[in-house]
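Chains as they are written, first to last, in full-length UniProt numbering: chain A, 1 to 239; chain B, 1 to 239. Where a beta carbon is used, it is the ideal one built from N, C-alpha and C, also for glycine. Read through the structure below, which is laid out as structure tokens, and then see the notes.
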DNA sequence: TAGTGGTCTAGACCACATA
DNA sequence: ATGTGGTCTAGACCACTAT
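Written out as structure tokens, the structure is:
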């Protein structure tokens, strides 16, 4: 299955060439005009691909000089953005395991972290415990709105729900708002994550939206504080 | 002082119109062709401005329909990205105060969180305590490389170092890598932040780079866990 | 002076949503 | 059928870096 989009294809090709050190960190990519000849495209299309590399931290463009390849490995991997646990596991080879604790239908209760607009709506609730190297690390609690995803099979919950949403259901996941806080752990969490009393946990709550701006999922990820690490690549916004 | 860039000017104009509810959340912006007539520009230039709105969470584009204005206020404000404390203070009106604890020259020591490439280099060290509503909330420790910024005046440390770098020195701050962890607080930190023993703190360490990819600053921001909150707007990366 | 990226244009064709 | 955003083009001029 090839991409329809020229610039996405060029982007992917450049990403693999950078991650495989065909273009090495510290060196410059071919110039935009050279790339446009290489790929048989216009310069603006090349620039679209490069823009993508830029925002994802692969290159830094320097006016008058060229596109400098950055040392991506030093950046570990941005846990930022919207990436499913399964995808993280695969790209980082984390040796992890998932236990599905609950999978039921319920009505989104008031007073929870859910926005008011979906309180009272029906949703699939999935609670999963993630073990890394046999140590409990994260509790994921997902609420998936039933009007968009009627049912979630157990086998999907055990693997990647995002893969299911995107490839099987054809949903286009587009953006999310995330909030990170540090909070005391309640009894249930203490037991699941195997931590002493008075110990804090890191809670990442997010609302995830589709391409047409419909809210379709809210998530609460409760991390053991000592195993939590969040890496972000950020660019300064022009004023 | 006006902008040279047409698309940046259009972007800023649209941002103010959205934040002032001239374009209301939940409604659509004028179409791209209408905007290009309004601003007297080509459609591609309009699209560049809209791309900027998109990545900053102001709008969601829906194919065949238009550019939907999102409810920015619901997203509080992204503390993500590269934003100085002073800028945050101003945009959120946090009623905060800064105490400069230290301002000295030193040599970047080995074994710290600094990358090896700058160990041994000379830097200005600035330690500042941020009080919000008279409560200690954050300790900022900045190391600013002397080969790029020779000296930092005390008055600058009391206000915005970024404003000084960008407007007085003409430096172009471009990107940063940040890492967030939760760690136990040492004695010094306990006293400064006024927290009990065994209490954890949130540590945000970052490396900040200029437009020409030179590393010029590393920072360690130590937050009281109970006052820490990090909000992020993220977009799903196309595969 | 030559090469690089940054901006902008005018036009084309496509995919999708709506009526 | 019309209007919307998504992609792509070929060319132009500018600002900056190097030699």
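Does DSSP put residue i in a helix, in a strand, or in coil?
i             : result
residue 228/B : coil
residue 131/B : strand
residue 205/A : strand
residue 138/B : strand
residue 47/A  : helix
residue 19/A  : helix
residue 101/A : strand
residue 90/A  : helix
residue 54/B  : helix
residue 171/B : coil
residue 151/A : coil
residue 28/B  : strand
residue 42/B  : coil
Kindly indicate if chain B contains any beta-carbon less than 8 Å away from that of residue i.
i             : result
residue 56/A  : yes
residue 212/A : yes
residue 62/A  : yes
residue 2/A   : Bear in mind that the predicted position of residue 2/A carries a pLDDT of just 45, short of 50, making it unreliable; the figure below should be weighed with that in mind. For residue 2/A, the answer is no, since every Cβ of chain B falls outside 8 Å of its Cβ.
residue 180/A : yes
residue 221/A : no
residue 225/A : yes
residue 165/A : no
residue 25/A  : no
residue 228/A : yes
Tell me, please, whether the CB atom of residue i is closer than 8 Å to any CB atom in chain A?
i             : result
residue 175/B : yes
residue 137/B : no
residue 231/B : yes
residue 123/B : no
residue 112/B : no
residue 152/B : no
residue 100/B : no
residue 68/B  : yes
When you compare only the Cα positions, how much space is there between residue i and residue j?
i             : j             : result
residue 219/B : residue 169/A : 44 Å
residue 103/B : residue 190/A : 42 Å
residue 55/A  : residue 15/B  : 21 Å
residue 208/A : residue 123/B : 42 Å
residue 114/A : residue 161/B : 38 Å
residue 227/A : residue 204/B : 15 Å
residue 23/A  : residue 5/A   : 23 Å
residue 89/B  : residue 35/A  : 44 Å
residue 201/A : residue 46/A  : 44 Å
Can you pull the DSSP bridge partners for residue i?
i             : result
residue 182/A : 202/A
residue 69/B  : 59/B
residue 157/A : BP columns for residue 157/A are empty, so no partner.
residue 218/A : 143/A, 207/A
Let me know if residue i comes out buried or exposed under the rule of 16 or more other beta-carbons within 10 Å of its beta-carbon.
i             : result
residue 178/B : buried
residue 20/B  : exposed
residue 128/B : buried
residue 61/B  : buried
residue 93/A  : exposed
residue 142/B : buried
residue 140/B : buried
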